[in-house]
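Structure first, then comments.
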Amino acid sequence: MNSFSFNGAGEVIFGRGAVSRLPELAGRYGKGPVLVALDPYFSRSVLKERVARELKAAGIAAVFFDQIEAEPDPRSAEAGARTARRKGCNLVIGIGGGSALDTAKGLAILAGNPGKVTDYVGLDRVPGPGLPTILVPTTAGTGSEVTFTAVFTSRKTKSKGGINSRFLYPAVALLDPDLTLSLPPAVTAQTGMDALTHAMEAYTSNKANPLSDLVALKAVALIGGSLKRAVQKGSDLEARENMLLGSLLAGLALANAGVTAVHAMAYPLGALFNIPHGLANAVLLPYVLEFNRSACPERFARLGALLAGTGEASTAEQGARQCVRKVVRLSRAIGIPEKLSDLKIPRKAIPQMAPAALKVARPIENNPRPITEEDIAALYRKMY
Ligand SMILES: [Fe+2]
Numbered sequence: 064m065n066s067f068s069f070n071g072a073g074e075v076i077f078g079r080g081a082v083s084r085l086p087e088l089a090g091r092y093g094k095g096p097v098l099v100a101l102d103p104y105f106s107r108s109v110l111k112e113r114v115a116r117e118l119k120a121a122g123i124a125a126v127f128f129d130q131i132e133a134e135p136d137p138r139s140a141e142a143g144a145r146t147a148r149r150k151g152c153n154l155v156i157g158i159g160g161g162s163a164l165d166t167a168k169g170l171a172i173l174a175g176n177p178g179k180v181t182d183y184v185g186l187d188r189v190p191g192p193g194l195p196t197i198l199v200p201t202t203a204g205t206g207s208e209v210t211f212t213a214v215f216t217s218r219k220t221k222s223k224g225g226i227n228s229r230f231l232y233p234a235v236a237l238l239d240p241d242l243t244l245s246l247p248p249a250v251t252a253q254t255g256m257d258a259l260t261h262a263m264e265a266y267t268s269n270k271a272n273p274l275s276d277l278v279a280l281k282a283v284a285l286i287g288g289s290l291k292r293a294v295q296k297g298s299d300l301e302a303r304e305n306m307l308l309g310s311l312l313a314g315l316a317l318a319n320a321g322v323t324a325v326h327a328m329a330y331p332l333g334a335l336f337n338i339p340h341g342l343a344n345a346v347l348l349p350y351v352l353e354f355n356r357s358a359c360p361e362r363f364a365r366l367g368a369l370l371a372g373t374g375e376a377s378t379a380e381q382g383a384r385q386c387v388r389k390v391v392r393l394s395r396a397i398g399i400p401e402k403l404s405d406l407k408i409p410r411k412a413i414p415q416m417a418p419a420a421l422k423v424a425r426p427i428e429n430n431p432r433p434i435t436e437e438d439i440a441a442l443y444r445k446m447y
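Put into structure tokens, the structure is as follows:
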């Protein structure tokens, strides 16, 4: 067995109504001011009013920052860091989907270190800790609340890059399923497939370890059993709880075992065509599973059995094929498109996308089946 380590948020708090613990948790760091990086989706929401009121009642000054974009540009984190410094903030609270949480993590790092986002893109390039963070996800998808990654998409260079550093691990991941009840069906579907992708890729990654396996398998069981319900009936609390727990566990799996070629191939779709991260992964997932399944059929068979809610197939190869079929069926049931043409991506972009995907080095290294630029181009071509 390879040696391994296992990390996540300093503390994980999960449960209905958990968001009401925010003032108490923020109070551990003093009376503020705290910078609250809030998804603009909540700019005029009851949630914002509630957080503002409860922090104020606890005597904690809050500065709200909502210049956050979907697939955030480095500039949003840099602007947030300037605000945090100017106001003398001692803590960053991030509330929202993956883009808001990544912005919160990025700005917290920049508030405690010189330089800008591009200086730290890559692995372990951040010199020291930034401000501590408390992260509150409102989608069941990215798992960003427990990972050491913040991804930014430069509008100027049309490229995507992640800061990966242990200093990005949040102090607290605060998960409240009530916050996900109002998530629209399409967002539930796309972010849920992102979480499923994290778990399936981590379980079949070359860097998988016994602890990441445990959380990945549990995540696949939870998401496989609840995603369709959460999309079809958003108010189903049990489905929402399972999805949020599933995405948390998938995030832990991803943070420790990495992801594979699906995420690498999704990068150019986001960078060049602004396709939301979850949607890009969701469309790619069945194709890459089909490509990879021969590399570790036993592992894919186990995932297939979990998705089917049945015992394992009689042979690993059959089970691995069942795994791909199950993912295709789930995707269809929740309205995920099946082709790159459905996303309006022109075929002529493939010669640009394939080398860009190959450059996403770590997911490519983690892929259980060696994959070349020509393989990637062939996979993209299959998607028309
Ligand atoms: Fe992802």
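Numbering (this note's numbering), first residue to last: 64 to 447.
Yeah, the Cβ is synthetic: ideal placement off N, Cα and C, and Gly gets one too.
Pair within 8 Å by beta-carbon distance, residue i and residue j
i    : j    : result
S472 : N429 : This structure gives no information on residue 472, because the portion of the chain shown stretches from 64 to 447.
N319 : N272 : yes
T243 : R303 : yes
A417 : E401 : no
E208 : L238 : yes
A364 : G341 : no
A89  : V97  : yes
V126 : V114 : no
T202 : P233 : no
A316 : V278 : yes
T251 : G314 : no
V390 : L348 : yes
L85  : I156 : yes
I427 : A324 : yes
L198 : L246 : no
I399 : M256 : yes
A236 : A72  : yes
P431 : A358 : yes
A124 : G95  : yes
P240 : L311 : no
P339 : Q253 : yes
F69  : L274 : yes
Length of the line joining the Cα atoms of residue i and residue j
i    : j    : result
P200 : P192 : 22 Å
R148 : L154 : 11 Å
L421 : E134 : 20 Å
E117 : I158 : 15 Å
A440 : R410 : 10 Å
R425 : P433 : 12 Å
L122 : T146 : Reading off the sequence shown, one finds Gly at residue 122, where the question assumed Leu. Their Cα atoms are separated by approximately 20 Å.
P360 : Y350 : 15 Å
V184 : G178 : 11 Å
T373 : C386 : 12 Å
G309 : P414 : 36 Å
L194 : E87  : 18 Å
S289 : M64  : 33 Å
N344 : L101 : 25 Å
V75  : G160 : 17 Å
C152 : M446 : 47 Å
A419 : A371 : 34 Å
I131 : V180 : 15 Å
A368 : A376 : 7 Å
K111 : S162 : 17 Å
A213 : L406 : 25 Å
A249 : N176 : 37 Å
G78  : M306 : 13 Å
R388 : D276 : 22 Å
L393 : G321 : 23 Å
R384 : E353 : 8 Å
R107 : E380 : 52 Å
F128 : Y104 : 12 Å
L186 : G225 : 8 Å
- Take every Cβ of the stretch 335 to 351, pair it with every Cβ of the stretch 274 to 288, and state whether three or more of those distances are shorter than 8 Å. no
- Task: Taking only runs that begin and end inside the stretch 157 to 200, name each unbroken alpha helix (DSSP H) of 4 or more residues, in chain order.
- Result: 161 to 175, 180 to 183
- Query: Taking one C-beta from the stretch 255 to 265 and one from the stretch 215 to 235 each time, how about it: are there three or more such pairs within less than 8 Å?
  - Reply: no
- Give a yes or no on contact between the stretch 161 to 176 and the stretch 127 to 142, applying the rule of three or more CB pairs nearer than 8 Å. yes
- Query: Taking only runs of the beta strand (DSSP E) that begin and end inside the stretch 96 to 127, which ones reach a length of at least 3 residues, in chain order?
  - Reply: 97 to 101
- List in chain order: all unbroken alpha helix (DSSP H) runs of 4+ residues lying wholly within the stretch 225 to 286. 248 to 266
- Which runs of the alpha helix (DSSP H) spanning at least 4 residues fall entirely within the stretch 376 to 414, listed in chain order? 379 to 396
- Whole alpha helix (DSSP H) runs in the stretch 294 to 323 with 4 or more residues, listed along the chain? 300 to 320
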